[in-house]
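Our numbering numbers the first residue of the sequence shown as 574 and each following residue consecutively.
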Amino acid sequence: MQILDGKKTAKTILNTIKIDVAQRATTGKKVPHLAAILVGANGASQTYVNSKVRTCNEIGFNSTMIEYEEDISEMKLLDKIQELNEDLSVDGILVQLPLPAHISEKKVIEAIAVAKDVDGFHPENIGRMIMGEEEAFVPATPYGIMLLLEHNNITTKGKHAVVLGRSNIVGRPMSILLSNNSNPGNCTVTVCHSKTENLNEICSQADIIVAAIGQAEFLQPEMVKDGAVVIDVGITRIPDDSKKSGYRLVGDVDFDKVAPKCSFITPVPGGVGPMTIAALMKNTYKSCTEKD
Ligand code: GUN
Numbered sequence: 574m575q576i577l578d579g580k581k582t583a584k585t586i587l588n589t590i591k592i593d594v595a596q597r598a599t600t601g602k603k604v605p606h607l608a609a610i611l612v613g614a615n616g617a618s619q620t621y622v623n624s625k626v627r628t629c630n631e632i633g634f635n636s637t638m639i640e641y642e643e644d645i646s647e648m649k650l651l652d653k654i655q656e657l658n659e660d661l662s663v664d665g666i667l668v669q670l671p672l673p674a675h676i677s678e679k680k681v682i683e684a685i686a687v688a689k690d691v692d693g694f695h696p697e698n699i700g701r702m703i704m705g706e707e708e709a710f711v712p713a714t715p716y717g718i719m720l721l722l723e724h725n726n727i728t729t730k731g732k733h734a735v736v737l738g739r740s741n742i743v744g745r746p747m748s749i750l751l752s753n754n755s756n757p758g759n760c761t762v763t764v765c766h767s768k769t770e771n772l773n774e775i776c777s778q779a780d781i782i783v784a785a786i787g788q789a790e791f792l793q794p795e796m797v798k799d800g801a802v803v804i805d806v807g808i809t810r811i812p813d814d815s816k817k818s819g820y821r822l823v824g825d826v827d828f829d830k831v832a833p834k835c836s837f838i839t840p841v842p843g844g845v846g847p848m849t850i851a852a853l854m855k856n857t858y859k860s861c862t863e864k865d
């Protein structure tokens, strides 16, 4: 069994971008600029956005962090997005999800300019991704997983991949990318969800499992074939008084029990999380350099 070290792979990717950005700066070219919007005080969202902004700073990007109270009006948020759309210094805009119930996520996502939608959530980017168009921004988590598979030379061609979860952010785009005629890709993909029958049987036929259902330690060893590649997207905070933070992070995979059966497995934390950030940075870099 080998650990797929997302932290290490992300570092390699980010270092390459950092060198390119420094080169741009010395030649007087624009450096990428990400604007991140956080609404409310969701602890996990705060952690994620802080991490994204910190990474921008580490690799020489400009960043703007915009924080709003939970009760900000939808109109005010949409106005801000419009302002950022028109701001020529900004290359990428992300609005951290989930949003409070009184704000329409659909309206917010669709308000972001397609060319600045570095999260790849806009319907036009989703459509372009499905058609395999290079200019599409691919959602950061599935894109990060594809990069992780690529950088670690995991064979995917002809393999049976089972994706657990059908969210717009992870499961659905993941299933498209794995089935694309690309490397990594060329998988035969099964998407499972809460209404799937015979889930254990389907999972145990998988060469590759991507677990993205948001249920702590859902994937058990009897659901996993010997030698499978297991990618864990889940990240749930479990209260734990012995930790300084007051919680420990647990994935969708029962890691200790499942790991011995795998050829490769991602840890939580340090697997998919850092790759999501690396993919977001790649998208932001692409948005900037496409305008050269
Ligand atoms: N919430 C959970 N994952 C993501 C993500 O990748 N981007 C944004 N904007 N919100 C999220």
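Beta carbons: idealized from backbone N, C-alpha and C, even for Gly.
Worksheet item: DSSP state of Gly846, grouped into three classes?
Response: Helix, per DSSP.
Item to complete: Kindly indicate the opening and closing residues of the beta strand (DSSP E) around Glu640.
Response: Where Glu640 is concerned, the enclosing beta strand (DSSP E) starts and stops at Asn635 to Tyr641.
Worksheet item: Are Val691 and Gly665 closer than 7 angstroms when you measure CB to CB?
Response: yes
Worksheet item: Can you tell which of Val594, Glu643 and Thr728 has its C-alpha closest to the C-alpha of Leu614?
Response: The residue asked about is misnamed: residue 614 is Ala in this sequence, not Leu. Closest by alpha carbon: Glu643.
Worksheet item: Does the region 833-843 touch the region 684-702, meaning 3 or more C-beta pairs lie closer than 8 angstroms?
Response: no
Practice prompt. Please classify Leu822: is it buried, with 16 or more other beta-carbons within 10 angstroms of its beta-carbon, or exposed?
Written response: buried
Discussion item. Under DSSP, the beta strand (DSSP E) around His724 begins and ends at which residues?
Written reply: Careful: His724 lies outside any beta strand (DSSP E), inside the alpha helix (DSSP H) at Ala713 to His724.
Worksheet item: Is it true that the region 760-767 meets the region 733-750, where meeting means three or more beta-carbon pairs spaced less than 8 angstroms apart?
Response: yes
Worksheet item: What's the C-alpha gap between Lys816 and Arg810?
Response: Those two C-alpha atoms are separated by around 11 angstroms.
Item to complete: Please report how far the alpha carbon of Thr728 lies from the alpha carbon of Ser662, in whole angstroms.
Response: 40 angstroms
Worksheet item: Which one of Tyr641, Pro605 and Met648 has the shortest CA to CA distance from Cys629?
Response: Pro605
Worksheet item: So who's on the other strand from Tyr820, going by DSSP bridges?
Response: Pro812
Worksheet entry | Status (buried if at least 16 other CB within 10 Å, exposed otherwise) for Met648 | Exposed, by the Cβ-count rule.
Worksheet entry | Leu523: CB within 6 angstroms of a non-hydrogen atom of ligand 1 | This structure gives no information on residue 523, because the portion of the chain shown stretches from 574 to 865.
Discussion item. For the region 792-800 against the region 701-712, do three or more pairs of beta-carbon atoms, one drawn from each stretch, fall closer than 8 angstroms, so that the two count as touching?
Written reply: no
Discussion item. Given a cut-off of 7 angstroms on the beta-carbon distance, is the pair Ala785 and Gly744 in contact?
Written reply: yes
Discussion item. Distance check for Asn725 and Asn756, CA to CA, integer angstroms please.
Written reply: 12 angstroms
Discussion item. Using only the alpha-carbon positions, how far apart do Glu790 and Ala595 sit?
Written reply: Distance from the CA of Glu790 to the CA of Ala595, rounded to the nearest whole angstrom, comes to 42 angstroms.
Worksheet entry | alpha helix (DSSP H) segments (min. 4 residues) lying fully within the region 747-808 | The alpha helix (DSSP H) runs lying completely inside the region 747-808 and spanning 4 residues or more are 772-776, given in chain order.
Item to complete: Please name the residue in Glu659, Lys653, His675 and Asp660 whose C-alpha comes closest to that of Val668.
Response: Lys653
Worksheet item: What residues in its chain sit with their C-beta under 8 angstroms from that of Pro812, if we drop five residues either side in the sequence?
Response: Gly819 and Tyr820
Worksheet item: By Cβ distance, which residues of its chain are closer than 8 angstroms to Asp805, with the 5 residues on each side in sequence left out?
Response: Contacts found: Ala784, Leu792, Gly824, Asp825, Val826, Phe828, Ile838, Thr839, Pro840, Val841, Gly844 and Val845.
Worksheet item: By DSSP, does Ala734 sit in helix, in strand, or in coil?
Response: Of the three classes helix, strand and coil, the one that applies to Ala734 here is strand, per DSSP.
Practice prompt. Thinking Lys625 and Ile850 are a contact (beta carbons under 8 angstroms), I'd like their distance in whole angstroms, please.
Written response: 6 angstroms
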